[in-house]
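So the sequences go chain by chain: B and F. Heads up, the first sequence is in this note's numbering, so the first residue is 15 and it goes up one at a time. Heads up, the second sequence is in this note's numbering, so the first residue is 15 and it goes up one at a time.
There are 2 protein chains.
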Amino acid sequence: MESVFEILAEPNRRAILSLLVSSQQSVGEIERQLRIPQPTVSKHLRVLREAGFVESTVDAQRRLYRLKPEPFQEMDAWLAQFRRFWSTHVDALERHLDRMDQSTPTKGKTKKKTARPKPRT
Amino acid sequence: MESVFEILAEPNRRAILSLLVSSQQSVGEIERQLRIPQPTVSKHLRVLREAGFVESTVDAQRRLYRLKPEPFQEMDAWLAQFRRFWSTHVDALERHLDRMDQSTPTKGKTKKKTARPKPRT
DNA sequence: ATAGTATATACGTGTAAAGGCATATATAGA
DNA sequence: TCTATATATGCCTTTACACGTATATACTAT
Chain B
15 MESVFEILAE PNRRAILSLL VSSQQSVGEI ERQLRIPQPT VSKHLRVLRE AGFVESTVDA
75 QRRLYRLKPE PFQEMDAWLA QFRRFWSTHV DALERHLDRM DQSTPTKGKT KKKTARPKPR
135 T
Chain F
15 MESVFEILAE PNRRAILSLL VSSQQSVGEI ERQLRIPQPT VSKHLRVLRE AGFVESTVDA
75 QRRLYRLKPE PFQEMDAWLA QFRRFWSTHV DALERHLDRM DQSTPTKGKT KKKTARPKPR
135 T
């Protein structure tokens, strides 16, 4: 479990990170929002912490977890080598996004799509 | 093995993708450059193909594999939700990049990645 | 048809990680 | 002190891959 990619391979961990985008959260808050048992949350948080994705501060009995930017930047740096490549393929990409659309668990976000004339598969 | 992140969790697969950035390659070429046994290469290529990362065309007995852009874009879309966040932390980021620099697995590398000077909480 | 080359697949095995459950640790408050 | 709350950790079981080795399939050339 050394690379950032292995860390992100776990869906619950990605969910936790997405939760923390809005603001820092306690273990209990994460537990309730994601409806996964507390020991599971704590274990994933440990992995995320050791990988540098999050850090925590103590607040009474609570621990507040928040994001750290570095590993995300590391991923972005890896992805960068492919950017040049995929930007030359925007057309095929649009068709793909068409089918993907709401696959990103952000929040209620308006998807500004330019006219997409391709409902076919 | 459904998400792009799980696909990229495997180091050999990431290496294959990085190889293919420059140009399309046959299985044998990949095998020789990465020095991993041919069945392993084929298996990883299968995974990558089924996940939409690559596609292949036939050239006599060879199969030429090349990148497809969509999954990369999907990853990028997921990462996007954190961009806003990490751009407000450029300073800490710069220090990190300083230590990371050439993090792209081109070839043999020294594996000193353990020491993490933490700007303590 | 036979041999040679290139790639894919099948099978068995080891391993590591994820989850469930119980319990330990720490802090707060009575 | 004792109890309640919040979080972490330990143990156990299950499962999902990744790899090695062997073999199958496909195409080429003689």
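For glycine and all other residues, C-beta sits at the position ideal for the given N, C-alpha and C.
- Rounded to the nearest whole angstrom, the C-alpha separation of F/Phe99 and F/Leu93 is 10 Å.
- Only Arg28, Leu31, Ser32 and Val35 from the stretch 28–43 of chain F bring a Cβ to less than 8 Å from some Cβ of chain B.
- Listed by position along chain B, the residues whose Cβ is nearer than 8 Å to that of F/Leu78 form an empty set, because the closest Cβ is around 16 Å away.
- With contact defined as three or more Cβ pairs closer than 8 Å, the stretch 38–46 of chain F and the stretch 45–60 of chain B are not in contact.
- Secondary structure note for B/Ser56: its alpha helix (DSSP H) is the uninterrupted segment Gln52 to Glu64.
- Just so you know, the alpha carbons of F/Arg27 and B/Arg77 end up roughly 37 Å apart.
- Here the stretch 81–88 of chain B makes no contact with the stretch 15–33 of chain F; the two share fewer than three CB pairs at distances below 8 Å.
- A straight-line Cα-Cα distance of about 45 Å links F/Ala65 and B/Ala74.
- Under the Cβ distance rule, B/Glu45 does not count among the residues neighbouring chain F, no pair being separated by less than 8 Å.
- Around the beta carbon of B/Gln52, fewer than 16 other beta carbons lie within 10 angstroms, which makes this residue exposed.
- Residue contact with chain F for B/Gln87: present (Cβ-Cβ distance below 8 Å to some residue of chain F).
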